[in-house]
Each structure stands twice: as C-alpha cells, then as structure tokens.
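Residue numbers (this note's numbering): 2 to 556.
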C-alpha cells in the first residue's frame, strides 16, 4: 500500500483539493481530502488518442521510454505503417515489443493496407484478414479508414471491413481530409466516429455536428492545434488530442501530449476541458482500461510541479512509478530486427527523364515548351498544391532548377526492381545535395529529392545499402540514420535516435531547406489519400480526381 499527497485535480468532478491517494494492488483504493504541505499536483495520466508509433523511428518499447517521461500512460496506436511493409507479421511484432514495457498501448487493425491500389506495398490486409484480426482481444478498434471514396461509393471490400468492426463492437476511426456536405454525411453514417484530418475550424465543426469526435493533431509536420484549439472549450465532449506522427526529436525536445496542456493554458483554455480532451474522452470513446483518478480505477496518474508549467515529476502506471524526475525506471530488452527490403541499386540513367523523341527540331522545341505539373509542398501540412511550370532542360534531360526551387523527386519500389518514377516539387528549398527516405507514406517505398541527378542516385543507393532509413547530403558526403526494423524504426535508445535525426535535419538546412521538418514533409509527398498532387512508385497522382496524370500538362 502506497500513499501520495498533493493537490488533486479531479477532472471528472471539475474541482481541485488537497488530498491523499492510497494505492493498493495496482488500483486506487481511496482518495481523501486532507490538509498537508505538499503543493505538487496529481492528475490522471495522459493519453495520445491517435499515434503511429513507427513515426517515432523507434520500436514501441523505446517509444514508451520517451512517452512516460512526458506523463503519457497510454496510447491508441495504429500499426498501419509496419503493416504496409510486413502485414500481420508486422502487427504482431509491434504488440510483442510493446508488451515488454508498462506503457499501455492499445493497437488497432489497419483498415487500408495498401492505402490505395495505385502504389506497391509489401502486404495486403483484405476484408477476410481484417475480420480475423478484429476478432482478437488484443486489437481494439478498426484504424483510420483512409479510403473515404471507397466508403462513399460503397466498395464491397471497404464496407465488409466496416461491418466486421460493427460485428465485434469495435470503434471505427476515420480519416477524411476536406470532406464536407453530403459525402461527409454518408461517411459518418457508415459508422465512422473520429477524424484527425480537419484543417479548418469550419470543417471540424461540421464533423462534430454530425456526431464525430475531432482529434486535434499536433505532430512533427502536421500541426493543427493553433487552428482548432478553440474547439476544446466550445465542444469539450467532442474533442481529443493526438500527435499522429511525431519524430523522436519532437518527443525528446518538445514533448508529447503534455506540451498541448501547456499551450492550451497559455491560450486561456479551461484546464478541465483540456484534461477531458487529453484523458477522459479517449478513455471513454475507445473504452480503454486506463484510470481517470477515481476510486477503484487503475492507478494511472502523474505528479506535476505546477498546473501551468506542467513539468512532469513522476508518472505512475498501474500503481508503479515508471518515471521519476526524468529518469525512466524500466529497462528494455532489445528486439531482433525484422525487415522487408528487396530493392537493388539504381544508376544515373534510371533518374534521367528525356523529352520524347520527335521527327524534327521544330516539333522538339514545341514539346520543350510544354509545362509540367509541379507538386507544391506546404510547410507544416500534409496537403499539397500543384502548379504548372516550364521545366529546366539540360541535353534533353529534365533536371532540378534550384533557382526556381523546382526540384526533381523520385519514388521507387522497395519491394522490387521496378522503374523509377519521376516528378518535380516546389518548396523543398535544397540548393545542394539530396534527402532520401524509406519512410514514405503509406507503402513506404523509397522517396528522394535533390539538386542534381547524381545527388539523388547516391542518396538512394545509400538507402539500399542500409536496407532502409534516412539519408542526407551531397554525392560526395552523405549522412545517414539506418532504420533496421522494416526500414521505419531503430532499436537504439530514443535520445540517440533523436540526436542523430536532428543532425540530419541540420545538414538538410545547411543544404538550403527551410522546412520545419524536411524528412517528415518528404515522407508525405507519396501519400495518395491527402490532396492534391502526389507521386507514387507507379506515377504522378491527382488525389482530388483519384487518378494518375501525366507529368506534361495540356493547358
């Protein structure tokens, strides 16, 4: 039996009082009002309502060490990334590794593997596989249904997955960027209950009015808190907090859900509404076995120095102190790496894009004057724009134009030696060198962008040598971060991964980029379920029209 004194923040009853908590057999035995001199605050532990642990670039057991230091006691995690690479084997890997540590990780069943039929993935989870997985007690919900056109058009495979979730009584997560009006109503009526892709206040309110829960996302690249935070006070029962995709440097240096508690109070939000969004709503919505600081609950709570600064002093999970003043109190047994990577090296000829041959010089010049479709990246957003521009041509080959910041980008399959797909992108900002990654949502093929063809080839080939990871630099001087688990995660300590990742970010900035998170931004340039123009390993894709388009545009 253990007793803890402090100012107890009872978010359920919306009050604070000096008191004492008694913990026995992993549960809260009693909570009593009691005078004492302890000025520290005791609150329920924090919950991330939607996260891809893979985006931390660390395996679940290592991620847990970073999360508990920030007061997180539970995460609702979608193993979508590793499932696209390794299928059911990847899901089992995440569960097995997570069981080694105290953090409560509630995994879902990925609904869209592959996310679309317009890219190469390492696995397929069809309706039969999804049904089999949803029947398991250790998988708790159907993860984000990204194929919103499939829901609206009632694709049989998509509808079968939704019906399986209903059959087993499990929550269905959504993913519907920009969806409004009648299409949104149909999407919600299919039983989909959440969305973390709202980019505007008006879009989020429309979804709330239809009964959806809005997850306010603040990750490493997509950051929507400043746009949507007012919802926390306006619709306190309909909002949750999540990170979705946070890289290790963000977790180590900025924080996790705790940072949103601080920022929310700086913006004048009600502390009880913030805690509702950070704890109560996800626990109730997903029916999690996580305590809310009530008698009889699991003893999942945190102690902070002050309700405003919100510095986490201690984190408790099931009554055990798992972090004390920044020192994590559990060790991690290293898990053997698993991977799927079947790509050979490429040559300079693979990334050259010549103008089509013509019968005479006049026709050739006419072809040269045709504009190309250019992806327009947006810092801090997953959405892209598109514009038309005349290409830069050298000896008939379309090349990067660093003066106009229109750079060549390539995507190629990691699962086979298929042809390299070539496009062009604006707002990456590199003046020299290249950046490349095997983190390329959602199928995690190889993606690279660079100032010259030579830089791109060298970066891609270093990735191939490492069988996945991140690379940055010039053809003569490359830095890398190998990610030995499915080309997505490392088994190294989180601080070591964060430091190396920050070093790579700094190198990218030296090469010219001003992006807040260049590798995270790059990783979403092949995501075919977020508008508007993206590049997959099968070609240039217009997400709005949901079809491939030619690089050269007919104006």
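All C-beta atoms in this analysis are idealised placements derived from N, C-alpha and C, irrespective of residue type, glycine included.
Between which two residues does the beta strand (DSSP E) harbouring residue 324 extend?
As a first step, residue 324 is located in the chain shown; it is residue number 323 there, counting from the start. Per DSSP, residue 324 belongs to the beta strand (DSSP E) from 321 to 325.
Per the DSSP calculation, residue 411 is bridged to which residue(s)?
Counting from 1 along the chain shown, the entry for residue 411 is found at position 410. Paired residues: 423, 449.
Roughly how many whole angstroms lie between the Cα atoms of residue 128 and residue 322?
The sequence position of residue 128 within the chain shown is 127, counting from 1. The sequence position of residue 322 within the chain shown is 321, counting from 1. Straight-line Cα distance between these residues: approximately 41 Å.
Under DSSP, the alpha helix (DSSP H) around residue 67 begins and ends at which residues?
In the chain shown, the residue the question calls residue 67 occupies position 66. Segment 61 to 69, the alpha helix (DSSP H) holding residue 67.
What number of angstroms, rounded off, separates the C-alpha of residue 43 from the C-alpha of residue 62?
As a first step, residue 43 must be located in the chain shown, where it is residue number 42. As a first step, residue 62 must be located in the chain shown, where it is residue number 61. When rounded, the distance between both Cα atoms is 26 Å.
Is there contact between the stretch 455 to 468 and the stretch 294 to 309, where contact requires at least three CB pairs shorter than 8 Å?
Touching, no.
Just to confirm the assignment, what range does the alpha helix (DSSP H) spanning residue 520 have?
Locating residue 520 in the chain shown gives position 519, counting from the first residue. From DSSP, the alpha helix (DSSP H) with residue 520 extends over 519 to 524.
Using only the alpha-carbon positions, how far apart do residue 427 and residue 264 sit?
On the chain shown, residue 427 is found 426 positions in, with the first residue counted as 1. On the chain shown, residue 264 is found 263 positions in, with the first residue counted as 1. Roughly 32 Å separates the two Cα atoms.
Quick test of your reading: residue 276 and residue 12, contact by CB under 8 Å. State the CB separation rounded to the nearest angstrom.
As a working note, residue 276 is residue 275 in the chain shown. As a working note, residue 12 is residue 11 in the chain shown. Indeed they touch by this definition, with Cβ atoms about 4 Å apart.
Return the chain-ordered list of same chain residues with a C-beta closer than 7 Å to the C-beta of residue 360, the five sequence neighbours on each side being excluded.
Here residue 360 corresponds to residue number 359 of the chain shown, with the count starting at 1. Bear in mind that the predicted position of residue 360 carries a pLDDT of just 42, short of 50, making it too unreliable to give a figure here.
So is residue 396 buried or exposed if we call it buried at 16+ other beta carbons inside 10 Å?
Indexing the chain shown from 1 puts residue 396 at position 395. The residue is exposed, with fewer than 16 neighbouring Cβ atoms inside 10 Å.
Classify residue 540 as helix, strand or coil using the three-state DSSP reduction.
On the chain shown, residue 540 is found 539 positions in, with the first residue counted as 1. Looking at residue 540 - three-state DSSP - the assignment turns out to be strand.
If we ignore side chains and look at the alpha-carbon of each, how far apart do residue 489 and residue 8 end up?
Position 488 of the chain shown, counting from 1, holds the residue named residue 489. Position 7 of the chain shown, counting from 1, holds the residue named residue 8. Those two C-alpha atoms are separated by around 42 Å.
How would you call residue 120, buried or exposed, if buried means at least 16 neighbouring beta carbons within 10 angstroms?
Translated into the one-based positions of the chain shown, residue 120 becomes position 119. The residue in question, residue 120, is buried, as its Cβ has 16 or more Cβ neighbours within 10 Å.
I need the boundaries of the alpha helix (DSSP H) containing residue 342, first residue and last residue.
Indexing the chain shown from 1 puts residue 342 at position 341. No alpha helix (DSSP H) contains residue 342, which DSSP labels as neither H nor E.
Are residue 424 and residue 541 close, meaning C-beta to C-beta below 9 Å?
Indexing the chain shown from 1 puts residue 424 at position 423. Indexing the chain shown from 1 puts residue 541 at position 540. Yes.
Which value, in whole angstroms, describes the spacing of the CA atoms of residue 201 and residue 22?
Sequence index remark: in the chain shown, residue 201 carries index 200 (1-based). Sequence index remark: in the chain shown, residue 22 carries index 21 (1-based). Going from the Cα of residue 201 to the Cα of residue 22 covers about 41 Å.
If contact is defined by three or more beta carbon pairs under 8 Å, each pair taking one atom from either stretch, is the stretch 324 to 331 in contact with the stretch 145 to 164?
Short answer: they don't touch.
Name the DSSP bridge partner or partners of residue 241?
Counting from 1 along the chain shown, the entry for residue 241 is found at position 240. DSSP lists 216 as partners of residue 241.
Can the beta-carbon of residue 444 be found less than 9 Å from the beta-carbon of residue 523?
What you label residue 444 is simply residue 443 of the chain shown in a count that begins at 1. What you label residue 523 is simply residue 522 of the chain shown in a count that begins at 1. Going by C-beta atoms, residue 444 is not nearer than 9 Å to residue 523.
Contact between the stretch 188 to 200 and the stretch 168 to 175: three or more CB pairs below 8 Å?
At 8 Å Cβ cutoff, the stretches touch.
Would you decide whether residue 516 is buried or exposed? Buried here means 16 or more other CB atoms lie within 10 Å of its CB.
Counting from 1 along the chain shown, the entry for residue 516 is found at position 515. Per the 10 Å Cβ criterion, buried.
With 16 other CB atoms within 10 Å as the buried threshold, where does residue 506 fall?
The sequence position of residue 506 within the chain shown is 505, counting from 1. Answer is buried; the Cβ neighbour count reaches 16.
Quick check on residue 277: does DSSP put it in helix, strand or coil?
Along the chain shown, read from residue 1 onward, the residue named residue 277 stands at position 276. Helix, per DSSP.
Can you give the Cα-Cα distance for residue 1 and residue 492, rounded to whole angstroms?
Look at the range of the chain in this structure, 2 to 556, and you will see that residue 1 is not part of it.
Do residue 339 and residue 398 have their CB atoms nearer than 9 Å?
The sequence position of residue 339 within the chain shown is 338, counting from 1. The sequence position of residue 398 within the chain shown is 397, counting from 1. Taking 9 Å as the Cβ cut-off, residue 339 and residue 398 do not qualify as a contacting pair.
Excluding the five sequence neighbours on either side, which residues of its own chain have a C-beta within less than 8 Å of the C-beta of residue 1, listed in chain order?
There is simply no residue 1 to check, as the chain begins at 2 and stops at 556 in what is shown.
One question on the structure: do residue 414 and residue 447 come within less than 9 Å of each other, judged by their Cβ atoms?
The sequence position of residue 414 within the chain shown is 413, counting from 1. The sequence position of residue 447 within the chain shown is 446, counting from 1. Yes, these two residues count as a Cβ contact at 9 Å.
Are residue 52 and residue 245 touching if we call contact CB-CB under 9 Å?
By 1-based counting over the chain shown, the position of residue 52 is 51. By 1-based counting over the chain shown, the position of residue 245 is 244. Cβ distance < 9 Å, so residue 52 and residue 245 count as in contact.
When DSSP labels each residue in this structure, what does residue 53 get in the three-state scheme?
Walking along the chain shown from the start, residue 53 turns up at place 52. In the structure shown, residue 53 sits in coil (DSSP, three-state: anything other than H, G, I, E or B).
Would you kindly work out how many angstroms separate the C-alpha atoms of residue 408 and residue 539, rounded to a whole number?
As a working mapping, residue 408 is identified with position 407 in the chain shown. As a working mapping, residue 539 is identified with position 538 in the chain shown. Distance between the alpha carbons of residue 408 and residue 539 is about 19 Å.
CA-CA distance, residue 181 and residue 230?
Sequence index remark: in the chain shown, residue 181 carries index 180 (1-based). Sequence index remark: in the chain shown, residue 230 carries index 229 (1-based). Between residue 181 and residue 230, the C-alpha separation is close to 20 Å.
Please list, in chain order, all residues of the same chain as residue 363 whose beta carbon is under 8 Å from its beta carbon, the five residues on each side excluded.
By 1-based counting over the chain shown, the position of residue 363 is 362. With a pLDDT of 43 at residue 363, under the threshold of 50, the modelled position of this residue cannot be trusted; read the value that follows with caution. Nothing meets the Cβ criterion.
What residue range is occupied by the uninterrupted alpha helix (DSSP H) comprising residue 87?
As a position in the chain shown, residue 87 is number 86, starting the count at 1. Note, residue 87: alpha helix (DSSP H), 81 to 87.
Does the beta-carbon of residue 470 have 16 or more other beta-carbons within 10 angstroms, so that it is buried, or is it exposed?
As a first step, residue 470 must be located in the chain shown, where it is residue number 469. Under this definition residue 470 is a buried residue.
Looking only at its own chain, which residues have a Cβ that is under 7 Å from the Cβ of residue 101, when we skip the five neighbours before and after it?
Start at 1 with the first residue of the chain shown, and residue 101 comes out as number 100. Closer than 7 Å at the Cβ level, and outside the excluded window around residue 101, lie 62, 333, 334.
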